[in-house]
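Participant: I have a structure here, written as structure tokens, and I will follow up with some questions on it.
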Amino acid sequence: MKEPRMTEHTQTVLRILLGRLNDGERDPAVLQHGLYGLELTRRSGLPNGTLFPLLERLRKAGWIERYWESDDISEQAGRPRRRFYKLTSKGAELAAIELAKISAGASKPLGFTRPAPDGGDV
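Residues in the sequence shown are numbered from 0 upward in steps of one, following numbering that gives the first Met the number 0.
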């Protein structure tokens, strides 16, 4: 299965599923249990038509798994069952590596040159 492209949307979803919070802290419960679809939509800000195909590509690549919550939980809450999405161990490892590469690349200079005052390159 081919690896997912690291678009901004993919990076956003992976950061969320890794349990990374905006303040740099981690939410280990997210990494352990995952998040249900509506919560992923809310946290990512992505519309369903963008998010769910992306989740399916990640699932087919083996990066995430999905599961339904138990009937008992949904019945006690008085609502339909939720489908949860969580990173597989492979997915968590690869996501962390890919996001670290992207972060490292973002902090490097781009290597552009600018004209020197005398018209030559700096």
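Here a beta-carbon is modelled for each residue, glycine too, at the ideal position from N, C-alpha and C.
Note that the structure is predicted; figures quoted are calculated from it, not measured.
Quick one: Cα of Pro-3 to Cα of Ser-69, how far?
Facilitator: 30 Å
Participant: Report the CB separation of Arg-65 from Tyr-84 in whole angstroms; it is logged as a contact under 8 Å.
Facilitator: Indeed, because the Cβ distance is near 5 Å, the residues count as touching under 8 Å.
Participant: In chain order, what residues of the same chain lie with their CB nearer than 6 Å to the CB of Gly-90, ignoring the 5 residues before and after it?
Facilitator: Taking C-beta separations shorter than 6 Å and ignoring five residues to either side along the sequence, the partners of Gly-90 in its chain run Trp-62, Ile-63, following chain order.
Participant: Give, in chain order, every unbroken run of the beta strand (DSSP E) that is at least 3 residues long and sits entirely within the segment 17-88.
Facilitator: Those beta strand (DSSP E) runs which fall completely within the segment 17-88 and span 3+ residues are 63-67, 82-86.
Participant: Out of Ala-103, Ser-88, Leu-93, Lys-100, point me to the one whose CA is closest to Gly-33's CA.
Facilitator: With distances taken between CA atoms, Gly-33 lies nearest to Ser-88 out of Ala-103, Ser-88, Leu-93, Lys-100.
Participant: Ordered along the chain, which non-local residues of its own chain (more than five positions away) have a Cβ less than 8 Å from that of Ile-15?
Facilitator: Val-29, Leu-34, Leu-39, Arg-42, Ser-43
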